Amino acid sequence: MTTITEPPADERGLIFITPTAFADPTTWHETAAELRRENPVARVESDGWPPFWAVTRHADVLEVSRRSDVFHNTGRSAPGPDIQYDILDVIGIQPRSLVHIHGELHQRHRQVTNDWFKPAAVRRLQPAIDAIAEEFADRLAAHGGECDLAADIIVPFTLRVIMSIYGVPESDEALMLELTQGLFGAADPEYLGDFSDPLSLITNTVARFQDYFDSMTADRRAHPTDDLATVIANGEIDGEPLGENERLWYYIIVATAGHDTTSYALSGGIEALLRNPDQLAAVHQNPELAGAAAEEMIRWTSPVRSFMRWAQSDHQLGDVLIREGDAVLTSYPSANRDDAVFADPMRFDIHRTDADRLLSFGLGVHYCLGSQVARREVRTLLSALLGRVSRLELAGEPTYAESHFVSGVKHLPVSYSLR
Ligand code: HEM
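In our numbering, the protein residues as written are 155 to 573.
Structure below.
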């Protein structure tokens, strides 16, 4: 009889759940590369977290994402410590968004907004995205040659786009920004504000999201329009309205998933362009390259750091036997630097021919619903900004957000000359 022994926990795997580790991308990527080479399905243990397997190779992240029959999304799909979920439990909030459910139920929920995100529908959004991009590119002039491109332009731009998709007034932007940062950036001391710890911030944030979206639902039921809020407010599953909790989480997932993600792709992607002046010059001279540049920016930044899946049966993944009930973390930034798939993966290269194999948007049944919107946002703002400047340079060291879930460059000091 063979006895199966668990491999020892690999300390290097702590990079996937340590918020500060993401603020130092060079060290992070060196460690992830070591894991891909030496321990691609690594057991990770940390106090206050469920033990999990960190999956770092492209092929294995693909397999976990595609085998949704074995690897389920659950209420704990977003990687987080036990206490974060215990608190939600205590206050009676069960995460129930698209990323938290699986199977038939997930398909029926996804159906509620699927048409809204189909390529033809998304194409219709282009004039609105163009207008917003032009408006925010105009702000370069107001800043007079130097600004924090991330905080001053990119973050409010992506926020405005998602708000316009929803159809909510500009006057609510500051509140939405505070709410999304409270939920996704809660571990970052800069976003704690008056709260003593991340958990009280999250608790407060969810409650405020609830109030905000409850009144939006009432409004769109009374006065339906053609915006996304109307689709969610009036969404039905099998002829029944979405449950209150399900509706709340539907709003939250679109508002949050559609905002910070895209802004980090833009800020980190533009940082990479600024560090590669030849490539910046190429897009500058040939705006047709903006689409290819956007794809590489999204591969390079991988703003969603990981998701957690839960095995429903035993499954062999590479050399490791994953057991029923085990948690598996899919590392998108690591998969996107796998040299088995990407030529010279540590090099930012807008001319690469393999960028379309990026896993930044996941894959399989949970594949990012907003990927087409995100791609349009990135290439449109990039084109609009480059259309305004004759020179664009880094004016200081960028700083990175400290979050293990969605993160990237949060301050991007630049100097520029207008055309
Ligand atoms: C660069 C920007 C973005 C990145 C990197 C990103 C990444 C992701 C990832 C990794 C997933 C999970 C995929 C999986 O589990 O296989 C996801 C799901 C999702 N994303 Fe995005 N996303 C981005 C932008 C957006 C935008 C703009 C929206 C909405 C307008 C959006 C809405 C969603 C939704 C609703 C889901 C849940 C889909 C499901 O579980 O069925 N995302 N995204």
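Even for Gly, the Cβ is constructed at its ideal location relative to N, Cα and C.
Quick caveat: nothing in here was measured; it's all calculated off a predicted structure.
- Contact annotation, Val437 with Ala447: C-beta distance approximately 5 Å; criterion of less than 8 Å satisfied.
- When Cβ pairs closer than 8 Å are counted between the two stretches, the stretch 214 to 232 is seen to touch the stretch 251 to 268, the count reaching three or more.
- Asp178 has its alpha-carbon roughly 15 Å from the corresponding atom of Ser421.
- In this structure the stretch 548 to 567 does not lie against the stretch 278 to 293, because fewer than three pairs of beta carbons, one per stretch, are closer than 8 Å.
- Two segments are said to touch when three or more pairs of C-beta atoms, one from each, lie closer than 8 Å; by this definition the stretch 407 to 425 touches the stretch 558 to 571.
- Within the same chain, Cβ atoms closer than 6 Å to the Cβ of Phe290 are found at Ile307, Phe311, the five residues on either side in sequence being excluded.
- Here Pro162 is exposed. Its C-beta has fewer than 16 other C-beta atoms within 10 Å.
- Val198 is a Cβ neighbour of Asp164, given a cutoff of 8 Å.
- A Cβ-Cβ distance of about 6 Å is found for the pair Arg375 and Ala387, placing them in contact under the 8 Å criterion.
- For Tyr320, the closest alpha carbon among the candidates Val408, Arg506, Val360, Ala528 is that of Val408.
- When C-beta atoms of the stretch 208 to 221 are compared with those of the stretch 486 to 495, three or more pairs fall below 8 Å, so the two segments count as touching.
- A straight line joining the alpha-carbon of Asn358 with that of Ile247 spans about 12 Å.
- The criterion of a C-beta distance shorter than 8 Å is not satisfied by Leu443 and Thr267.
- For a cut-off of 8 Å, the C-beta gap from Leu483 to Ser460 is around 5 Å, short enough to register as a contact.
- Counted as a single uninterrupted DSSP element, the beta strand (DSSP E) harbouring His469 occupies residues 469 to 471.
- Under the three-state reduction of DSSP, His254 is assigned to helix.
- For the ligand HEM, a non-hydrogen atom lies closer than 7 Å to the CB of Ala411.
- Cα atoms of Pro567 and Arg463: separation of roughly 37 Å, rounded to the nearest angstrom.
- The C-alpha of Glu217 lies about 39 Å from the C-alpha of Leu540.
- In the displayed model, Trp464 falls within a strand according to three-state DSSP.
- Distance from the C-beta of Leu168 to the nearest heavy atom of the ligand HEM is not below 7 Å.
- In this structure, the alpha-carbon of Ser354 lies about 14 Å from that of Asp236.
- Rounded to whole angstroms, the Cβ separation of Glu531 and Val276 is 10 Å, and the two are not in contact under 8 Å.
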